[in-house]
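Counting in UniProt numbering, the sequence shown runs from 1 upward without gaps.
For every residue, glycine included, the Cβ atom is placed at its ideal position computed from N, Cα and C.
Each remark here refers to the structure printed beneath this line.
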Amino acid sequence: WMIVMANGQAVTQKIESHLCQIRPEIIDIDLVLTFPYMTTIRVPLDCENYQRPIDGSLCHSKVCGDRIQGIDCGDTVAEWLSDALNINGLRLVRQCDDIKRRSKNTSQSISLTNQAQFLLINTQSVGWLIDKVTDWPMQSNTIHRLDDVIDRFRGNLIIETSEALEEQLWHTIRIDGLIFKNDGPCVRC
1 WMIVMANGQA VTQKIESHLC QIRPEIIDID LVLTFPYMTT IRVPLDCENY QRPIDGSLCH
61 SKVCGDRIQG IDCGDTVAEW LSDALNINGL RLVRQCDDIK RRSKNTSQSI SLTNQAQFLL
121 INTQSVGWLI DKVTDWPMQS NTIHRLDDVI DRFRGNLIIE TSEALEEQLW HTIRIDGLIF
181 KNDGPCVRC
C-alpha cells in the first residue's frame, strides 16, 4: 500500500508528518483506516475489486529511485485520505501481485518499502543512541523519551535484548516460528 499525490509521488512522513496518525488495521477481509476525528473507512483486501481498468487507473510512481506500479484503490478512499491529510488529489495505491521489486542488497522481493519488508528496533540500542546524542531534547521522563525515539524509527518489530547493538551480529531471528533474515542495518536510520 502507498499513498501518492496527484503527480504520482509517494507521500512519506518526511513530506507529511500527519501521515503517522493514519492507523491501518486488517479486519476480516478489509483494510480499515482510522484518523482522529474522522469516520473510519474500509478498503476491501480482495484484489478482484481493483482490476486494472482500461481507462488507466494503473498508477506509476517511484520508491527509492525504482519505478513501481500499483493499482488505484478508488475515489472513496482517495477523498478520505485527502480530507484526513488536507492535501488535494491523494490516491491509495496497492502493489500489483504480478510485479515485484527486488531489494538492492539481495535478490529478495520487497514491496513498497525503502529497503526491507520489516524494520527491527532494539530498545536497548535506542537507549544507547539517546545516551550518545548530546543535543537530544531532554524530557523529564526517560521512558517517554525512549518511546518517542522508538516511534521516530517507525519499526515493525520492537524487541528488547540484554545488550545494545547485539542485533547487528544476528543473521536471522525467529519469532513465533517465523524466521526473519537480517539484511543489515537500515540505511535510513
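Here the stretch 152 to 172 makes contact with the stretch 119 to 130; the two share three or more CB pairs at distances below 8 Å. Take arginine 91, set aside five residues on each side of it, and the residues of its chain with a beta-carbon closer than 6 Å to its own are Val4, Asp72, Ala78, in chain order. Bounds of any alpha helix (DSSP H) do not take in phenylalanine 180; it lies within the beta strand (DSSP E) bounded by 178 to 181. Taking the Cα positions, threonine 12 is about 13 Å away from arginine 152. The residues Leu85, in chain order, have a CB closer than 6 Å to that of glutamate 16 in the same chain once the five nearest residues on each side in sequence are set aside. In the same chain as phenylalanine 118, and ignoring 5 residues on each side of it, the C-beta atoms closer than 7 Å to its own belong to Asn156, Leu157, Phe180, in chain order. Of the candidates Cys186, Gln9, Pro185, the residue whose Cα lies closest to the Cα of valine 93 is Gln9.
Counting C-beta atoms within 10 angstroms of its own C-beta, glycine 70 has 16 or more neighbours from the protein chains shown and is therefore classed as buried.
Leucine 120: member of the beta strand (DSSP E) spanning 120 to 122, first to last residue. For valine 43, no alpha helix (DSSP H) run applies; the uninterrupted beta strand (DSSP E) run containing it begins and ends at 41 to 44, by DSSP. Classified as buried, leucine 81 has 16 or more neighbouring CB atoms from the shown chains inside 10 Å of its CB. Spanning the alpha carbons of isoleucine 41 and methionine 2 requires a straight line of approximately 16 Å.
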